Amino acid sequence: MTADINFTAFFDATPSPYLVLDTDLVIRYANPAYLQATRRTGEELIGKYFFDALPENPGIPCDAEHSLKASLHRVLDTKAPDTLVLQRYDICAPDQLSGFEERWWSNIHTPIPGPDGTVAWIVQRSEDVTAIIHSRWARQLTEEFTEREKGLAAELYVRARELQRLNEELRQAHARERQVGIALQEAMLQAPDLNRHDDNIAVRYLPATTSLNVCGDWYDVVDLPPDRYAVAVGDVVGHGLPAAAVMGMLRSALSAAIRAIPSPAQALEVLGLYARSIEGATAATAVKVLIDTRSRLIIYSSAGHLPPVLVHRDGTCELLDQATDPPLGARPYHVPRPQAGLPYTPGDTLVLYTDGLIERHDEDIDTGLARLISVLAQSRALAPGQIAEALPARLGVTSGARDDIALVVIRL
């Protein structure tokens, strides 16, 4: 049972200072505790860029604005909370000679996602710890505490600052690892023949939110002159480098097989036999589609994969689900795989994808498939690249999902 809570009233009542910023770092809400802590009015803060409304004290050397701004941008980039353990950020005080009053804060920045999964708001919780820094206890460190106690207090402060520095280094190292992962994944998904289809094929790859951009989903495009081309998507179980290595082997093998045997079913038969010799390839899925532009025919076969969707110009949709067989390597012996075909009309759109696009942990896969069909019908007039951009947004996975996503959109 969901509680009926007035969250504005809640934040107005809480004694902790809270601020809400939009993605441009413009202040959209400040509770009474925040106004009291900063000695500002709502008119002086609401609707203003944070660092214009609350400028840093140029007379202190700690570069407070840089630290605070970096924390806020980390929240936007990582979509995860960020904490500043101990941060000096003085507030404007016209009654002071310097124009500022010394303040120390403990800040927690928390992202609030919008309907599409991207950060829509940042909630800043700022606890004023200036009194602790200037407390009698702190002053007594030089008067009553033993040398050991003074050392422990100083060590605690130093360790807090060191922890903040190490966290920043870890964030930078993680960012470098993600860049390496992106480069590796892009190299493994290169499809030279795709360059000849800029006008009618768009592809997208979105890594799982828990991975470093190296996963097991893939796509491929192979030209078969003079008037045919083949498209495939596949999904290897797991994430990380082991799944990516298996993906690379299966993708290369299927690309070679379809060039030698231009039959989707027979190419998947070869791939299934090969998969049984590779550790980690069992239960991988794939779907291969052959498009004959002269006869305007789609020929396909699926190894346990979700069905591609053919979207007609009038908005009706057909599932390519008449030639589905178990995943690769699932059978201990060889059995010919099924193959089916259906005609298309120029201007139709064919969409191949992996399960991360539609699968949700709290609902049946058929619900996700029905949602995909509905979105495709509404998007049929868009260009392939626009559809490839719109689908993740309208299905709520722009920022990634629990599983990685490979997507191919073809204007036939």
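Residue 5 is where the sequence shown starts when you use my numbering, and the numbers rise one by one after that. Backbone N, C-alpha and C define an ideal beta-carbon position, used for all residues, glycine too. The model shown is predicted, which means the values in this text are computed figures rather than measured ones.
Contact check, residue i vs residue j, beta carbons under 8 angstroms
i, j, result
"P331", "V293", "no"
"G333", "R255", "no"
"L29", "F11", "no"
"S299", "A327", "no"
"A397", "D120", "yes"
"A287", "V250", "no"
"S20", "R129", "yes"
"V127", "Y22", "yes"
"F104", "N61", "yes"
"I409", "L210", "yes"
"G351", "E363", "no"
"L399", "L380", "no"
"L198", "V225", "yes"
"P312", "L361", "no"
"L88", "S71", "yes"
"W125", "V24", "yes"
"T402", "T122", "yes"
Buried or exposed (CB count within 10 angstroms, at least 16 for buried), residue i
i, result
"M5", "Reliability of the predicted coordinates at M5 is poor, the pLDDT of 45 falling under 50, and the value obtained from them is presented with this limitation in mind. M5 comes out exposed."
"T289", "buried"
"A374", "exposed"
"A285", "buried"
"D94", "buried"
"P388", "buried"
"A247", "buried"
"V291", "buried"
"S378", "exposed"
"Q91", "buried"
"Y223", "buried"
"F14", "exposed"
"A392", "buried"
"I414", "buried"
"H338", "exposed"
"R263", "exposed"
For residue i, the nearest candidate out of the options (CA to CA)
i, options, result
"D26", "N10, Q326, L80, P36", "L80"
"G238", "A206, L411, P98", "L411"
"D296", "P266, A387, G242, W222", "P266"
"R317", "V207, G103, L386", "L386"
"V315", "R341, G284, P347", "P347"
"A236", "T358, C321, P350, G400", "T358"
"A261", "L354, E283, L228", "L228"
"Y33", "L380, I50, T45", "I50"
"E47", "I31, W108, R415, A247", "I31"
"A344", "L245, A307, L324", "L324"
"A271", "I302, A234, L245, L301", "A234"
"A307", "Y337, R341, C321, D370", "R341"
"L101", "G63, C321, A17, A68", "G63"
"I282", "D370, G252, P85", "G252"
"I4", "C321, P336, G319, R232", "There is no way to answer for residue 4, as the model of the chain reaches only from 5 to 416."
"I205", "L356, E172, Q382, T42", "L356"
Three CB pairs or more closer than 8 angstroms across the region 103 to 117 and the region 69 to 86: yes
Any chance you could list the alpha helix (DSSP H) runs of at least 4 consecutive residues sitting entirely within the region 244 to 269, in chain order? 244 to 264
3 or more residues per run - each beta strand (DSSP E) lying fully within the region 76 to 120: 86 to 92, 108 to 117
Can you check the region 312 to 338 for any alpha helix (DSSP H) of at least 4 residues that lies completely inside it and give the ranges in chain order? Entirely contained in the region 312 to 338, not one alpha helix (DSSP H) run reaches 4 residues.
Mind pulling the beta strand (DSSP E) runs of 3 or more residues that sit fully within the region 31 to 65? Runs of the beta strand (DSSP E) inside the region 31 to 65: 31 to 34.
Please give me, in chain order, every unbroken run of the alpha helix (DSSP H) with length at least 4 that falls completely inside the region 338 to 394. Whole alpha helix (DSSP H) segments, 4+ residues: 369 to 383.
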